[in-house]
Amino acid sequence: MRADREFGEAFELPPLGRREPLGRRRREGDGGLMSSRDQRFDQVLAQLLDPTRCRRNDSYDAHLSSLRGMKLPHPLTGELFESPVPPGSGWPEDPAVRRTPVARSAAEVVELAETGELAELEARVSVCRACSRLVEWREEVALGKRKSFADQPYWGRPIAGWGAAEPRILIAGLAPAAHGGNRTGRVFTGDRSGDWLFAALHRVGLANQPTSEHAGDGLQLTATRMIAAVRCAPPANKPTTEERDTCAPWFRRELQLALPTTRAIVCLGKFGYDALLNALASVGAAVPRPRPKFGHAVEHRIGDLTVLGCFHPSQQNTFTGKLTAPMLDAVLTRAKSLADLP
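Numbering (the working numbering), first residue to last: 1 to 342.
Put into C-alpha cells, the structure is as follows:
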C-alpha cells in the first residue's frame with residue numbers, strides 16, 4: 001500500500017506485522033532513536049489517522065478490521081488475548097473490570113476523576129476513550145504491531161499509574177511508548193527507556209529486580225510510584241495541547257491521592273516537569289513565579305516536596321551520552337535521600 005502523495009515522496013508501506021527494520025534490531029523507547037524506515041513508517045501511520053491530512057485507505061482499514069478479534073498468547077502467561085485487550089479479561093495487573101465506567105469526553109474525564117480510591121482511579125484511567133486521535137492511534141498500533149512483537153497481544157489501552165499506593169517518591173514522565181507500555185500494559189515496560197530506568201532503580205535499591213519486560217513479571221517498587229502526564233501512546237511521541245489538557249484531571253487526581261506521603265518527585269524530561277508543576281499549582285501548591293526552569297539534577301523546594309529534574313532515559317539521550325547511568329543513579333539516590341528511605 002502506498003501513502004497518499006500529499007505526504008511528499010511516495011512511500012511503500014510493508015505488510016503490517018512483517019516489516020524488516022533497517023540497521024540494528026531494537027525496541028522502541030519513549031522518544032528513542034529509530035531507523036529512518038521505522039520512523040517514516042510511524043509518521044505515515046500517524047498521518048493516515050489525521051483526517052485533516054488525507055483520506056484513510058479503504059484496503060488498509062479492511063486489513064486492520066480483519067485482525068480484530070484475533071487472539072494471541074501473552075508472552076508470560078500463555079493465556080490468549082485480543083488486541084486491544086478488553087478490560088476484565090484476565091490480563092496481568094489489569095486494574096479494570098468489564099463494568100468500569102468509561103470517559104468518552106473531556107467533561108466525563110473531569111467527572112470520573114473525582115474518586116477517592118486510587119485503585120478505582122487506575123481502573124477508570126485504563127479504559128478512557130476521551131481523545132479520539134489517541135484512541136485510534138493506540139488501537140491501530142495494537143492491531144498492526146511491530147514485527148518483533150507480531151506474535152504477541154498488545155494492551156492497546158491507556159496506562160494507569162503504577163507502584164506503591166502510598167509512595168515516598170513519585171516519578172513523572174510524558175506518555176507510554178507505542179510498542180512499550182502500549183504493548184505490555186505497564187508504564188516504562190518493554191522498551192529501552194524502561195531498561196535504563198528499572199536497572200537504575202534496582203541499583204539504588206528502589207526496585208526488586210533490574211528488568212521490566214511484562215506486566216505480572218514480579219517487579220515491585222520500594223515506596224515509589226510512576227505516573228505519566230498523558231496516559232495513551234501518542235503519534236510520534238507528541239501529544240497535542242488539547243490531549244494533554246484532557247488527560248490532566250487524571251494526572252491531577254492521582255497526584256492528590258499520592259501527595260500526603262510523597263516527599264520527592266523526579267520529573268523525566270521537560271514535558272513531564274511542566275505537567276507536574278501545572279498539576280501542583282492546580283491543587284494549591286505554592287509553585288514559585290516565574291516557574292523554575294527544567295534541568296538535569298535541578299532541585300526545587302515546593303512546600304514539603306522537593307521536585308527534581310532528570311533528562312529522559314530515551315535512546316536519543318542515552319546513546320549520545322547526554323544521560324549516563326551515573327547521572328541517572330545520582331538523581332534517584334538524591335530522591336531516595338530526600339524521601340528518608342534507607
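Idealized CB from N, CA, C, for every residue including glycine.
(request) Could you say if the stretch 225-236 and the stretch 173-181 meet the contact criterion of at least three C-beta pairs nearer than 8 Å? (result) yes
(request) Measure the Cβ-Cβ separation of A264 and L201 and say whether it is below 8 Å. (result) Locating residue 264 in the sequence shown gives position 264, where the first residue counts as 1. Locating residue 201 in the sequence shown gives position 201, where the first residue counts as 1. Cβ atoms of A264 and L201: not closer than 8 Å.
(request) Give the single residue among A178, P210, P260, G295 whose Cα lies nearest to the Cα of P167. (result) Numbered from 1 along the sequence shown, position 167 holds the residue referred to as residue 167. Among A178, P210, P260, G295, the Cα nearest to that of P167 is on P260.
(message) On the criterion of 16 or more Cβ atoms from any shown chain inside 10 Å, does H300 qualify as buried, or is it exposed?
(response) In the sequence shown, the residue the question calls residue 300 occupies position 300. By the 10 Å Cβ count, H300 comes out buried.
(message) For T52 and S105, I'd like the C-alpha separation in whole angstroms.
(response) For the purposes of this step, residue 52 is taken as residue 52 along the sequence shown, with counting starting at 1. For the purposes of this step, residue 105 is taken as residue 105 along the sequence shown, with counting starting at 1. Only weak support is given to the placement of T52: the predicted model assigns it a pLDDT of 41, under 50, and the value that follows is read from those uncertain coordinates. Spanning the two alpha carbons is a distance of roughly 21 Å.
(request) Answer yes or no: do Y154 and K145 have a C-beta to C-beta separation smaller than 8 Å? (result) Within the sequence shown, residue 154 is the residue found at index 154, counting from 1. Within the sequence shown, residue 145 is the residue found at index 145, counting from 1. Their beta carbons are under 8 Å apart, which means Y154 touches K145 by this criterion.
(message) Taking a contact to mean a Cβ-Cβ separation below 8 Å, would you say C310 touches C267 in this structure?
(response) Residue mapping note: residue 310 aligns to position 310 of the sequence shown, counting from 1. Residue mapping note: residue 267 aligns to position 267 of the sequence shown, counting from 1. Taking 8 Å as the Cβ cut-off, C310 and C267 qualify as a contacting pair.
(message) Checking the sheet assignment: what are the DSSP bridge partners for L255?
(response) For the purposes of this step, residue 255 is identified with residue 255 of the sequence shown, where counting begins at 1. Answer by DSSP bridge pairing: none, since L255 is not bridged.
(message) From the DSSP secondary-structure annotation, give me the bridge partner or partners of M327.
(response) Working through the sequence shown from its first residue, we reach residue 327 at position 327. Answer by DSSP bridge pairing: none, since M327 is not bridged.
(message) Using 8 Å as the threshold, is the C-beta distance between V102 and C128 below it?
(response) Sequence index remark: in the sequence shown, residue 102 carries index 102 (1-based). Sequence index remark: in the sequence shown, residue 128 carries index 128 (1-based). Closer than 8 Å, so yes.
(message) Buried or exposed for P288, going by 16 or more other Cβ atoms inside 10 Å?
(response) If you number the sequence shown from 1, residue 288 lands on position 288. P288 should be labelled exposed.
(request) Could you check what DSSP says for T52 in three-state terms: helix, strand or coil? (result) Stepping through the sequence shown from its first residue, residue 52 is reached at position 52. Since pLDDT at T52 reaches only 41, below the 50 mark, its modelled position is unreliable, and the value read off the structure follows with that caveat. Coil at T52, not helix or strand.
(request) Mind listing, in chain order, the continuous alpha helix (DSSP H) runs of no fewer than 4 residues lying wholly within the stretch 64-145? (result) 106-112, 118-125, 132-144
(message) Going by beta-carbon coordinates alone, are T262 and L170 separated by less than 8 Å?
(response) Here residue 262 refers to the residue found at position 262 of the sequence shown. Here residue 170 refers to the residue found at position 170 of the sequence shown. Result yes, Cβ atoms of T262 and L170 sit closer than 8 Å.
(message) Alpha carbons only, please: which of T211, P326, E108 is nearest the one belonging to A297?
(response) On the sequence shown, position 297 is the one that residue 297 refers to. The candidate whose alpha carbon is nearest that of A297 is P326.
(message) Less than 7 Å between C-beta atoms, sequence neighbours within five positions excluded: which residues of the same chain meet that for T324?
(response) By 1-based counting over the sequence shown, the position of residue 324 is 324. Excluding residues within five positions, none has a Cβ falling inside 7 Å.
(message) Which same chain residues end up closer than 8 Å to Y273 when comparing Cβ atoms and leaving out the 5 residues on each side of it in sequence?
(response) By one-based count along the sequence shown, residue 273 stands at place 273. The residues are A172, C267, F294, V307, G309.
(message) Looking at the strands, I want to know which residues DSSP matches up with C267.
(response) Position 267 of the sequence shown, counting from 1, holds the residue named residue 267. Answer is A172, G309.
(message) Give me the DSSP bridge partner(s) of W343.
(response) Because the chain spans 1 through 342 in this model, residue 343 falls outside it and cannot be assessed.
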